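I have placed the structure first, in the form of structure tokens, so that the comments after it can refer back to it.
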Ligand code: ARG
Ligand code: ZN
Ligand code: CA
């Protein structure tokens, strides 16, 4: 197997005021959360109900901060159309996860590009108040899980309900079918499509405090893109 895969990270902080110019401690907190969530060392992993505990995965990814870039810019919101990536292009996206922290606006927490897309727009964008868990953060998305979710997309994961009706697949066998996202902090069990939803999965839409697992099937799907010929094989070098 590939063993633990390390992903070096570049963080581009694009700010129009001092709050948005988040500190190094906030950036460090986000890297630490990614490391915990993708190695199943998150301190809420023990909340996974018995029904799903057997498939809760150590995804075996680690993340190291390679560099931080800071850009003052008078633009106050950047939308979801990759404008921030045109203004501040990714650095070596073949071998680094590029993250832009900037105000997206419109209540959007973050957005990501799936693997195999244009390298000029490869990476993840996150608004500063949903990045990390210290500093300029905003409840109930102040646990750094927006980035866990977005990096899941960057590593080829779909939303757990497949963005459609019961038979619409997320291409992962061990995540139960659902026909909708869950929000807030659902109690267990919450059932749709004749089975209990895995509401605590990072790829649902619940609050940061209420998501705490990837599944083994999701782990396999993420890691497959690093195999020879896969769209992120250049990282595994
Ligand atoms: N809505 C965003 C997306 O679909 C992110 C959702 C993140 N959820 C969270 N609890 N932080 O990519
Ligand atoms: Zn998403
Ligand atoms: Ca599934």
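Numbering (this note's numbering), first residue to last: 16 to 252.
Virtual Cβ for every residue (Gly too), placed ideally from N, Cα, C.
The model shown is predicted, which means the values in this text are computed figures rather than measured ones.
| Asked | Found |
| --- | --- |
| Cut-off 6 Å between Cβ atoms - residues of its own chain near residue 26, not counting five sequence neighbours on either side | 42, 83 and 114 |
| Proximity test, residue 192 beta-carbon vs ligand 3 heavy atom, cut-off 7 Å | yes |
| Exposed unless 16 or more other CB atoms sit within 10 angstroms - verdict on residue 101 | exposed |
| Contacting residues, own chain, Cβ-Cβ under 6 Å from residue 192 (five flanking each side not counted) | 181 and 208 |
| Residue 210 classed as buried or exposed, judged by whether at least 16 other C-beta atoms fall within 10 angstroms | exposed |
| Residue 185 beta carbon near ligand 3 (any heavy atom closer than 7 Å) | yes |
| Nearest to residue 109 (by Cα), restricted to the options 234, 22 and 140 | 22 |
| Residue 149 CB to nearest heavy atom of ligand 1 below 7 Å | no |
| Sheet register partners of residue 85 (DSSP bridge) | 28 |
| Distance between residue 46 and residue 244 (C-alpha atoms, nearest Å) | 28 Å |
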